[in-house]
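Protein chains in written order, with the working numbering: chain A, 1 to 598; chain B, 1001 to 1598.
Presented below is the structure to which this report refers.
There are 2 protein chains.
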Amino acid sequence: MRTSIATVSLSGSLTEKLTAAARAGFDGVEIFENDLLASPLTPEEVRARCADLGLTVDLYQPMRDIEAVPGDEFARNLRRARHKFELMRRLGADTVLVCSSVSPQAVDDDALAAEQLSRLADLARDSGIRVAYEALAWGRHVSTYDHAWRIVESAGHPALGTCLDSFHILSRGSDPKGIEDIPGEKIFFLQLADAPLLAMDVLQWSRHYRCFPGQGGFDVAGLVRHVLRTGYDGPLSLEVFNDVFRQAEAGPTAVDARRSLLVLQETVGRAALPEPVVPTGVAFAELVTPDAEPLTALLGALGFIRTARHRGKPVTLWEQGDARILVNTGPAVRRDGTQLAAIGLESPDPAAAARRAEALLAPVLPRRRAPEDAPLDAVAAPDGTELFFCATGRPDLPDWRADFEDTDPAPAPAAVRRIDHLALVQPWHHFDEAALFHRGVLGLHAQESVDVADPYGLLRSRAVTNADGSVRIALTVGAAPMDDTVHAQHIALATDDVVASARRFREAGGSLLPVPANYYDDLAARFEFADGELETYRDLGILYDRDAHGAFRHCYTRTVGRVFFELVQRDDGYRGYGAPNAPVRLAAQHAVRTLTGG
Amino acid sequence: MRTSIATVSLSGSLTEKLTAAARAGFDGVEIFENDLLASPLTPEEVRARCADLGLTVDLYQPMRDIEAVPGDEFARNLRRARHKFELMRRLGADTVLVCSSVSPQAVDDDALAAEQLSRLADLARDSGIRVAYEALAWGRHVSTYDHAWRIVESAGHPALGTCLDSFHILSRGSDPKGIEDIPGEKIFFLQLADAPLLAMDVLQWSRHYRCFPGQGGFDVAGLVRHVLRTGYDGPLSLEVFNDVFRQAEAGPTAVDARRSLLVLQETVGRAALPEPVVPTGVAFAELVTPDAEPLTALLGALGFIRTARHRGKPVTLWEQGDARILVNTGPAVRRDGTQLAAIGLESPDPAAAARRAEALLAPVLPRRRAPEDAPLDAVAAPDGTELFFCATGRPDLPDWRADFEDTDPAPAPAAVRRIDHLALVQPWHHFDEAALFHRGVLGLHAQESVDVADPYGLLRSRAVTNADGSVRIALTVGAAPMDDTVHAQHIALATDDVVASARRFREAGGSLLPVPANYYDDLAARFEFADGELETYRDLGILYDRDAHGAFRHCYTRTVGRVFFELVQRDDGYRGYGAPNAPVRLAAQHAVRTLTGG
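Structure, rendered in structure tokens:
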């Protein structure tokens, strides 16, 4: 199917919008009137620009407050329409969106609405234009899609059809099944938007909180299935605007948008993408650093042993149980301090995983590898983290370990068993995009978003996981842009005995994040502990949480650059990440930073 | 009355919060439990810190999910309460807030709730503590203040009272008049918050959108009047949290908070502040600049004549009609480019205006003046703009003009008649504060906030005016922090003939902001114009708007530093500021900036 996007969905000047849409692979655009008005290009120039970029102009939008008005008002509206149809001719747009009226002048008279829309359609037909009439969820008299369709049907005009918008339909709670009663050829256009399920004024909801399909709570795919059953063969078009996208760069937003449509097309059986290949574990986490010393000292205290070095690059491998950390001191794209740069994901079929990622517009990373290296497929996540699809110790697949030569024997069975989860701070504009990426590209499941109070601002956090929890990634973002120097990425290491692991770490010279005594007084009030247990936690700075399944004990190292480590003990199927303790942890990290000036 | 603020209303560490509250002049604080948990200070140290700062600990909050639960659960709750009462003893807090339960375990049984709250109150009394029971708007079985009061009343326990929270009461649409049926001595605490009138989920509304009294849409003063009639003599306490305040600095937020309470106390007749002295006009606007040339060239082209220079400072006065612009090249606090630094407001009683501003916590500016200068009272607005209360040409008052010596004769009657309005870009965190400041301190009226789409982000704009429109200030802010280099402040100059003024400006070498031709095609579709009229507008870049009252024609100069000028013709009582044209103007300014690299 053809895909389209409304220019209002992207930020910038009209030409920036068109370029971003074309680069992301859209076939066409809806031109939002205000974007044209504010552009120095003539309509002819816009038309030529679109043609150069391979974009069709699928819709001109919107015309408002046209129908069911007194005669003199309607005469003025026709005059306005005449101007706009001439403009559309110059622009090369053959369909115009007419929204149901919100004017106080409009009357509740379907027959009058049908008659006036017919007269508008007469005028349109003379210019080779089709009129797509859409019910706004907050329309004065017409606010549901079936009502708009009844008016269109009774008008019976060949140049008059309806436009369906998933937001207006699903936000009203209308049953989209009735769409199947509309002949496909009378559905002149289909606009798609998702939205989080908020109980709020629908106009505000629409204006500020729309998002791309799959990023919100609506069953947009279900609606599209109903539309396709009618025989509709127009484009799937995105009309999405929210306060965040308005500030984001148009290029990444357009890619995000198109990815959401590809996933949607796959869901409704209209796109043949490579199957998702869900990762089955974390092969490694790669840290880049200009100075390996502080990092390797920390790894050593955590019980990691350096077991191998890369044959051709300044990268060492540190292991403990199934936790593997690469320390890279070579040139990297982002070399402004110590940070988590890449994640190796165990993949049952790395090449297929990469093919799916590429089909879903993930930037494929150049390999820049020596000829003898094992092939390693990698793409960039929206936050820039490199994701490697790889295999560890499987005879049927090239092993990334083969690029390393052993330096020390593998360590004895150790306290840290594996990487429990990775926490990645997301750029402010790309939080919803990140969740969709990890779901759509990697086939992970996205959990509910939770709010976390930092002393200096609210954070939102959302985890994506595979079915058995062997891959868990926590995505975090500020509720608004903020100084995020304290919001480091982190690697959580799973241990069966966090107390023993924390003690060993401290004995090895490691320094744990101090936790205020008041926190433990509160734990004592909320839970019952064995004798001495709480004193141990207090001594080590271990935090405690409990959910319906089990208990969670965790503690934190100091931060090196923009990375810190967490030791976690997850008992009896505890599912969370200790979110109730996050405010205490964040306050403690701020306090340490203030003390050390770091 | 005593005033108090919940620590959750301010950002930062607990000690930062306490310091900010004390500096703003609050008498006490509510200690939010999580703030204590995250603090490295012991309860005794917090108590001592409060005492040092002159703050009482008025409330410890909150205890949740206490009442109407099965016996074993309640036993655990009492155990928890015992810990907390001991903590409160150490903290020196004698009142605890208990919120109505949201637990799925809670049952709908008022008798059980009353009995269990009584048992809690028994325990509290033994520790010298009072229990204030509050209905959360989203409480499971108890969600209205009168229901909470009925339970408290039927318990009949001396250590059990109710806590009223204006948000929980007004967000539910409850009638606050019933508060008067509660004996004042049983109202143990009063929490105040305002909120914008949003139709949304009440929990989300409460968590993200509360604001200080007078900043939202609730009749908080009306509610307080009902409470005062009961004889309540506890503190007025602010419990306000929203996503913006969480990121703002605690110091200014605390001042903003206290100012809102002062205005509220005045409204309910419990504070004797100096009367507002509403400004009657704009005496001058003062621009500071490191280089006067570009600015004075612009002023000259606009028809201003330099009429005087300050006797002791490098400041010149430029006049045209009643519009007066000061150009200051001397040292100023903010010297990073050309900007609008100060506004002179005509005041019927400058000294009284300054007294009110000072009483409402506006920073009074040092005069730094020569001994012979006329006294000039000035305060700083929240955005740092200096506001001078002054008089022009009134024999009974010192005239600020007396500090200037004439250099050229006053200009002949000119096209520009006066300053129509001033547009000030606000720091992101202080938009609501700015409106409250201009209303409370200056006695201006705040109009509705409107959204304006900039190509790179949404803006919000709100005008404050006096009754006859001779003082109009438009306050603008980004919906989120953004690069605001293009969002300059501006001075709008009123003319009776914008076409003539624009022509004269251009003939004098001035450069007007070019407006796209598409905009005029749209005007032609929307309005009817006399022959040639639209061509004139198009030629000059004049924008057009119309409201129920009249028409508005306006055009813009290029930007110098962070300031530009607008020429406006306001006919037949047009009340707005051309907001529908703002997206086109902003896009044109972005385009110019891109072209010039400025």
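Positions of the beta carbon are idealized from the N, C-alpha and C atoms, including for glycine.
{"query": "Give me the Cα-Cα distance between Tyr-519/A and Ala-525/A, rounded to the nearest whole angstrom.", "result": "10 Å"}
{"query": "Here's a check: name, in chain order, each residue in its chain whose Cβ is nearer than 6 Å to the Cβ of Leu-492/A, leaving out the five neighbours to either side.", "result": "Here the sequence assigns Ala to residue 492/A, which means Leu is not the residue at that position. Asp-420, His-421, Glu-566 and Val-568, listed in sequence order."}
{"query": "Run the CB neighbour count on Trp-318/A, radius 10 Å, all protein chains shown included, and call it buried at 16 or more, exposed below.", "result": "buried"}
{"query": "Restricting to Cα atoms, I'd like to know which of Leu-1523/B, Asp-1165/B, Gly-1231/B and Ala-1494/B is closest to Leu-1302/B.", "result": "Ala-1494/B"}
{"query": "Counting along the chain, where does the beta strand (DSSP E) carrying Cys-615/A start and finish?", "result": "Any answer about residue 615/A is impossible in this case: the structure gives chain A only from 1 up to 598."}
{"query": "Are at least three pairs of beta-carbons, each pair with one atom in the segment 1447–1456 of chain B and one in the segment 1495–1506 of chain B, less than 8 Å apart?", "result": "no"}
{"query": "Is Asn-34/A helix, strand or coil when you go by DSSP?", "result": "helix"}
{"query": "What three-state label does DSSP hand Ala-124/A in the structure shown?", "result": "helix"}
{"query": "Go ahead and label Gln-1589/B buried or exposed: buried means 16 or more other beta carbons lie within 10 angstroms of its beta carbon, across all protein chains shown.", "result": "buried"}
{"query": "What does Gly-12/A reach in chain B if we use C-beta pairs closer than 8 Å?", "result": "Pro-1455 and Tyr-1456"}
{"query": "Could you check how far apart the C-beta atoms of Gln-489/A and Gln-247/A are, in whole angstroms? I think they sit under 8 Å.", "result": "Not a contact, Cβ separation roughly 23 Å."}
{"query": "Quick check on this structure: which residue in Thr-1280/B, Ala-1285/B, Asp-1219/B and Gly-1337/B has the alpha carbon closest to the alpha carbon of Glu-1346/B?", "result": "Thr-1280/B"}
{"query": "Using C-beta distances below 8 Å, list every residue in its chain close to Ala-467/A, excluding the 5 sequence neighbours before and after it, in chain order.", "result": "Val-278 and His-445"}
{"query": "Please name the residue in Val-29/A, Leu-228/A, Gly-71/A and Ser-171/A whose C-alpha comes closest to that of Arg-49/A.", "result": "Val-29/A"}
{"query": "When you compare only the Cα positions, how much space is there between Ala-257/A and Phe-1188/B?", "result": "53 Å"}
{"query": "Return the CA-CA distance between Asp-175/A and Ala-423/A, expressed in angstroms with no decimal places.", "result": "39 Å"}
{"query": "List the endpoints of the continuous beta strand (DSSP E) containing Asp-1545/B.", "result": "1543–1546"}
{"query": "Counting C-beta neighbours from all protein chains within 10 Å, is the total for Arg-1324/B 16 or more, i.e. buried, or is it exposed?", "result": "buried"}
{"query": "Between Ser-171/A, Ser-154/A, Leu-97/A and Leu-78/A, which lies nearest to His-163/A when the distance is taken from Cα to Cα?", "result": "It should be pointed out that residue 163/A corresponds to Cys in this sequence rather than to His. Taking only the C-alpha atoms, the option nearest Cys-163/A is Leu-97/A."}
{"query": "Cβ closer than 9 Å: which chain A residues qualify as neighbours of His-1083/B?", "result": "Asp-521, Asp-522, Ala-524, Ala-525 and Arg-526"}
{"query": "Can you give, in chain order, each stretch of the beta strand (DSSP E) that sits fully within the segment 317–398 of chain A and has at least 3 residues?", "result": "323–328, 339–346, 377–380 and 386–390"}
{"query": "On the criterion of 16 or more Cβ atoms from any shown chain inside 10 Å, does His-554/A qualify as buried, or is it exposed?", "result": "buried"}
{"query": "Do you know offhand how far Asp-108/A's Cα is from His-141/A's?", "result": "6 Å"}
{"query": "Does the CB of Thr-1019/B have a neighbour CB from chain A at under 9 Å?", "result": "no"}
{"query": "Residues in the same chain with beta-carbon distance under 6 Å from Val-255/A, minus the five sequence neighbours each way, listed in chain order, please.", "result": "Ala-24 and Leu-361"}
{"query": "Along the segment 1494–1519 of chain B, what residues have a CB closer than 8 Å to any CB found in chain A?", "result": "Pro-1514, Pro-1516, Ala-1517, Asn-1518 and Tyr-1519"}
{"query": "Output yes or no for whether 9 Å exceeds the beta carbon distance between Arg-1439/B and Gly-1214/B.", "result": "yes"}
{"query": "Quick one: residues in its chain with C-beta nearer than 6 Å to the C-beta of Gly-1598/B, no 5 flanking neighbours on either side, listed in chain order?", "result": "Since pLDDT at Gly-1598/B reaches only 45, below the 50 mark, its modelled position is unreliable, and the value read off the structure follows with that caveat. Same-chain partners within the cutoff: there are none."}
{"query": "From Ala-1381/B to Leu-1387/B, what does the alpha carbon distance come to, in whole angstroms?", "result": "7 Å"}
{"query": "Starting from Val-1220/B, trace the beta strand (DSSP E) in both directions and tell me its first and last residue.", "result": "Looking at the DSSP string, Val-1220/B is not in any beta strand (DSSP E); the run it does join, the alpha helix (DSSP H), is 1220–1229."}
{"query": "Within the same chain, show all residues whose beta-carbon is closer than 6 Å to that of Val-1263/B, passing over the 5 residues directly before and after it, in chain order.", "result": "Gly-1214 and Gly-1440"}
{"query": "What span of residues does the beta strand (DSSP E) with Phe-404/A cover, start to end?", "result": "404–406"}
{"query": "So the candidates are Gln-1265/B, Asp-1201/B and Leu-1238/B; which of them puts its Cα closest to the Cα of Arg-1225/B?", "result": "Gln-1265/B"}
{"query": "Within a Cβ cutoff of 8 Å, which residues of the same chain sit near Ser-237/A, ignoring the five residues on either side of it in sequence?", "result": "Thr-3, Ser-4, Ile-5, Ala-6, Gly-28, Glu-30, Asp-58, Leu-59, Phe-189, Leu-190, Gln-191 and Leu-192"}
{"query": "With DSSP as the reference, label Ile-1005/B as helix, strand or coil.", "result": "strand"}
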